[in-house]
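Taking it in order: structure first as structure tokens, then the write-up.
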Amino acid sequence: MSTRLVHIGFGNYLSRDRIVAIAVPGSAPIKRSVQSARDKELIID
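Sequential numbering of the sequence shown, starting at 217, is according to the working numbering.
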């Protein structure tokens, strides 16, 4: 089985299996979720 990769910019790739969510941080609920995950060191931004 081959690993499918997603180009994430600047020559970097990420395995599709590792992606949990892709969100545009425009709304307040998303901003709060991103900040909460950042505080817990659970996010790659």
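Glycine is no exception: its CB is placed at the ideal position from the N, C-alpha and C atoms. Note that the structure is predicted; figures quoted are calculated from it, not measured.
What does the alpha-carbon distance come out to for the pair residue i and residue j?
i    : j    : result
S218 : D233 : 11 Å
S252 : A237 : 15 Å
A244 : E257 : 20 Å
Under the three-state reduction of DSSP, which class applies to residue i: helix, strand or coil?
i    : result
I224 : strand
S231 : strand
I246 : helix
S218 : coil
A253 : helix
In chain order, what residues of the same chain have a beta carbon less than 8 Å from the beta carbon of residue i, not counting five sequence neighbours either side?
i    : result
V240 : I246
D255 : none
Which same chain residues end up closer than 6 Å to residue i when comparing Cβ atoms and leaving out the 5 residues on each side of it in sequence?
i    : result
V222 : L230 and R232
With a threshold of 8 Å between beta-carbons, can residue i be considered close to chain D, or not?
i    : result
I238 : You won't find chain D in this structure, because it holds only one protein chain.
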